[in-house]
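Colleague: Quick note: the sequence shown uses our numbering, first residue 32, plus one each step.
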Amino acid sequence: MTDKMPIAVLGCGGWGKNIVRTVNGLGCLKSVVDPTEQGRQTAASLAPEAEVFENPEPVFADPAVKGVMIATPAETHYTLARAALEAGKDVFVEKPLTIDVEEAHQLVDQAAKTGRVLMVGHLLEYHPAVLKLHEMIQAGELGNIRYLISNRLNLGKIRTEENALWSFAPHDIAVILRLVGALPFEVVATGGSYLTANIADVTVTQLLFDNGVRSHIFVSWLHPFKEQKLVVIGSKKMASFDDVAKELVLYDQRVDWHEGQPIPVRGEGQLVDFPGAEPLKEECLHFIERMADRRPPRTDGLNGLRVLQILHAAQRSLVTNGQPVPFSLDWRSGDGAVGEVKPFRPPVSAAREEVVGAHAQG
Ligand SMILES: NC(=O)c1ccc[n+]([C@@H]2O[C@H](COP(=O)([O-])OP(=O)(O)OC[C@H]3O[C@@H](n4cnc5c(N)ncnc54)[C@H](O)[C@@H]3O)[C@@H](O)[C@H]2O)c1
32 MTDKMPIAVL GCGGWGKNIV RTVNGLGCLK SVVDPTEQGR QTAASLAPEA
82 EVFENPEPVF ADPAVKGVMI ATPAETHYTL ARAALEAGKD VFVEKPLTID
132 VEEAHQLVDQ AAKTGRVLMV GHLLEYHPAV LKLHEMIQAG ELGNIRYLIS
182 NRLNLGKIRT EENALWSFAP HDIAVILRLV GALPFEVVAT GGSYLTANIA
232 DVTVTQLLFD NGVRSHIFVS WLHPFKEQKL VVIGSKKMAS FDDVAKELVL
282 YDQRVDWHEG QPIPVRGEGQ LVDFPGAEPL KEECLHFIER MADRRPPRTD
332 GLNGLRVLQI LHAAQRSLVT NGQPVPFSLD WRSGDGAVGE VKPFRPPVSA
382 AREEVVGAHA QG
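1. Could you have a look at I168 and say whether DSSP puts it in helix, strand or coil?
2. Contact between the stretch 349 to 361 and the stretch 115 to 134 is defined here as three or more beta-carbon pairs at a separation below 8 Å; is this criterion met?
3. From what residue to what residue does the alpha helix (DSSP H) around L349 run?
4. Near A213, which residues of its chain fall below 6 Å by C-beta distance, leaving aside the five closest residues on each side in sequence?
5. At the level of alpha carbons, what is the spacing between T330 and L238?
6. Could you tell me the distance, in whole angstroms, from the CA atom of C43 to the CA atom of D121?
7. In this structure, does DSSP put E82 in helix, strand or coil?
8. Check this for me: beta carbons of I176 and I204, under 8 Å apart or not?
9. Taking 7 Å as the limit between beta carbons, can you name the residues of its chain near A368, skipping five residues before and five after?
10. Using C-beta distances below 7 Å, list every residue in its chain close to G152, excluding the 5 sequence neighbours before and after it, in chain order.
11. Taking the continuous beta strand (DSSP E) assigned at T191, which residues delimit it?
12. Nearest to L333 by alpha carbon, out of A39, I50, Q141 and P89?
13. Is it buried or exposed, D324, if we count other Cβ atoms within 10 angstroms and call 16 or more buried?
14. Do you know how far the Cα of S251 is from the Cα of S181?
15. Roughly how many whole angstroms lie between the Cα atoms of E299 and N86?
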């Protein structure tokens, strides 16, 4: 099926080159676009048979190209995705779907009206361990979900235009929404900027759901070691997924009550098997399959929009040093409640900077 779905990849930088390699390996790469000489050279060496262009117009004009995968900087996503949809292509966009919530709404509407596939790159939703964990939760193995913790930490790629929340947390938000199966009613975020003014290097975001379910997401590129760990606390069992050690563990542990006293019931952690499939390959295959069967992708445009709305709510809380931000389905950013919110270099008033110094803004 895959060789009937010619794809163009826009952006062959740090992440795009992985998409180029993967789609080429799946036999679907037709062309690559990158405005830089370096990007085009990378594309040519990874996929010598693909056409390589400096700008996307030839790709949009090529009727043989059925799908476009966008792995360019976030601020270019909307313009490129809109143009690709207008040219009649199915579209995959790396996370975050767009920067602006209204623009994400427009893409979702445009794809729906024109019957095009719109998929967003929430990679972890294609990770076999996350799928297995979701399956165990759905089957009731953990009981009622109570708390989720997601840590994404490293002395990693430090960005100066985009804070750690926007760079890392889309993955964690997407997974938590999937596992909880609901949207939060409130978002709280705090963080610290140490390297670039107003760009948070470290953030902690809490999502509060109905029935007392809570989660926190701790992301940082200013951390002494790499940790990518998701922990789920259920009423019957607990589970952890370590994406560095590649281990999914189910703990038969809970707290029982005896004569009014909470008694921890300790049990061994059991390693849970999951398929060894590569998440990026699974994600690219999913896009190709949805192009073929026209069914909605697991991470469709609406999914990308919800994650974006939560990012905006978290950003708003971050710039007010952790004020809770109520969240509802019609949540829009920039509604004037605390001024316009921009994810990149968010506005922090001079008065606030005096009070909080460099330590509490996004
Ligand atoms: N899913 C993941 O795990 C993951 C990991 C890293 C990055 N990403 C996402 O991938 C995207 C790219 O990130 P990156 O780290 O590769 O950035 P990058 O800066 O390393 O690369 C971006 C590339 O896009 C090219 N580009 C810029 N404008 C373009 C245009 N109009 N048309 C075609 N190419 C253009 C640039 O020349 C560059 O080569 C971002 O949305 C980022 O959030 C996802």
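C-beta atoms are modelled at their ideal positions from N, C-alpha and C, and glycine is treated no differently. Predicted, not measured: the structure shown is a model, and the values here were computed from it.
Modeller: According to the structure data:
1. Residue numbering aside, residue 168 sits at position 137 when the sequence shown is read from its first letter. Here I168 sits in helix by DSSP.
2. no
3. Position 318 of the sequence shown, counting from 1, holds the residue named residue 349. Start and end: G332 to V350.
4. Residue 213 sits at position 182 when you count from the first residue of the sequence shown. Once the five neighbours on either side are set aside, the close Cβ partners of A213 are F240.
5. Here residue 330 refers to the residue found at position 299 of the sequence shown. Here residue 238 refers to the residue found at position 207 of the sequence shown. Straight-line Cα distance between these residues: approximately 20 Å.
6. To locate residue 43, count along the sequence shown from 1; it is residue 12. To locate residue 121, count along the sequence shown from 1; it is residue 90. Near 19 Å, if we compare the C-alpha coordinates of D121 and C43.
7. Here the question's residue 82 lines up with position 51 in the sequence shown. If DSSP states are grouped into helix, strand and coil, E82 belongs with the strands.
8. On the sequence shown, position 145 is the one that residue 176 refers to. On the sequence shown, position 173 is the one that residue 204 refers to. In this structure, I204 does not lie closer than 8 Å to I176 by Cβ.
9. One-based indexing of the sequence shown puts residue 368 at position 337. Interpretation of A368 is limited by its pLDDT of 33, a score under 50 that renders its predicted location unreliable; the figure taken from the coordinates is listed afterwards. Closer than 7 Å at the Cβ level, and outside the excluded window around A368, lies no residue.
10. In the sequence shown, counting from the first residue as 1, residue 152 sits at position 121. Excluding residues within five positions, the ones whose Cβ falls inside 7 Å are F123, V124, E125, K126 and E314.
11. To locate residue 191, count along the sequence shown from 1; it is residue 160. Neither: T191 is in no beta strand (DSSP E) and is coded neither H nor E.
12. Counting from 1 along the sequence shown, the entry for residue 333 is found at position 302. When only C-alpha atoms are compared, the closest one is Q141.
13. Indexing the sequence shown from 1 puts residue 324 at position 293. With fewer than 16 Cβ atoms within 10 Å of its Cβ, D324 is classed as exposed.
14. As a first step, residue 181 is located in the sequence shown; it is residue number 150 there, counting from the start. As a first step, residue 251 is located in the sequence shown; it is residue number 220 there, counting from the start. So the alpha carbons of these two residues sit roughly 12 Å apart.
15. Your numbering for residue 299 matches position 268 in the sequence shown. Your numbering for residue 86 matches position 55 in the sequence shown. Approximately 56 Å, taken between the alpha carbons.
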